[in-house]
Amino acid sequence: MTELNTIQEFLETLASKAPVPGGGGASALAGAIGAALGGMVTNLTIGKKRYADVEEEMTDWREQLESLRREFVRLAKADEEVFAPLAACYSLPYGTEEEKKTKDRLMEENLLAASLVPISIMEKSMEALEILEELCEKGSRMAVSDVGVGVQLIRAALLGAVMNVYINTKSMKDRKKADELNTYADQMVEKGSCLADAIYHKVRQGLKA
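What follows is the structure, encoded as structure tokens:
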């Protein structure tokens, strides 16, 4: 992300006419917050007698979630970084055959780069959901609602990021590569949505009981 000291500054920039951050950065931020909530659940579970038998697992999940949180932040910055060269491509000259070839080549390269960042956000979202599924079962019952909130934020990261995949693959001339990326993204959406639904339903029903 750009050098922002507070969430308020991020939101103000997001709401402005500035080209970045945009939907990709917002999706990554949602993922980071979801991972942070999962980390909170592990910290509220570790050290409690009642959960001594899962302490080793909790410690491992805490480390994984910390890593995921940092990775989501890195991907938010990466999303900004891949946008600039792609945007610049649209202004390249397109008069001569040589200029057309150059512009087409650079467009393809940058469209692919701009597609791979949200793909990575989706992959990290899938990893986070799998950990949250475990926390739903084994984490502190006092923090189970936070698992449910975390799941919804990770879902937002997943379903938000796929929009950035589609908008870039739509413009790619290499339709084989575009279809491969779309298929992979679609598979993550289907699997991730089902998993998020299952976790959220379990948390919700448990809270109402």
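Using full-length UniProt numbering, the first residue of the sequence shown is number 1, and each one after it goes up by one. The beta carbon of each residue, even a glycine, is placed where N, CA and C say it ideally should be.
Open item on the list: Once the 5 residues before and after Arg204 are set aside, which same chain residues still bring their CB inside 7 Å of it?
Closed with: The answer, listed in chain order, is Gly148.
TODO: Report yes if the CB atom of Met78 is closer than 9 Å to the CB atom of Pro19, and no otherwise.
DONE: The residue you asked about is not Met; residue 78 is Ala in the sequence shown. Going by C-beta atoms, Ala78 is not nearer than 9 Å to Pro19.
Task: Any 3 or more C-beta pairs closer than 8 Å across the segment 121 to 136 and the segment 32 to 45 - done: yes
- [ ] Identify every run of the alpha helix (DSSP H) within the segment 54 to 89, keeping only runs that are complete inside it and at least 4 residues long; order them along the chain.
- [x] 55 to 89
TODO: Count the CB pairs spanning the segment 162 to 175 and the segment 60 to 76 that are closer than 8 Å, and state whether there are at least three.
DONE: The segment 162 to 175 is not in contact with the segment 60 to 76.
Task: Contact the segment 188 to 208 vs the segment 157 to 164: 3+ CB pairs below 8 Å - done: yes
Task: the segment 134 to 146 / the segment 17 to 36 touching (three or more Cβ pairs under 8 Å) - done: The segment 17 to 36 and the segment 134 to 146 do not touch, with fewer than three beta-carbon pairs separated by less than 8 Å.
TODO: Taking Glu195 as part of the alpha helix (DSSP H), name the residues at either end of that continuous run.
DONE: The amino acid occupying residue 195 in the given sequence is Leu; Glu does not appear at that position. Its alpha helix (DSSP H) spans residues 175 to 208.
- [ ] Compare the C-alpha of Val73 against each of Glu97, Leu153, Ser193, Ala28 and name the closest.
- [x] Ala28
Open item on the list: Check this for me: beta carbons of Cys89 and Lys103, under 9 Å apart or not?
Closed with: yes
Task: Ala128 in three-state terms, based on DSSP - done: helix
Open item on the list: Using a 10 Å radius around the Cβ and a threshold of 16 neighbouring Cβ atoms, would you call Leu92 buried or exposed?
Closed with: exposed
Task: Nearest to Pro118 (by Cα), restricted to the options Ile46, Cys194, Ala26 - done: Ala26
Task: Inter-residue Cα distance where the pair is Leu112 and Thr183 - done: Taking the straight line from one Cα to the other gives about 15 Å.
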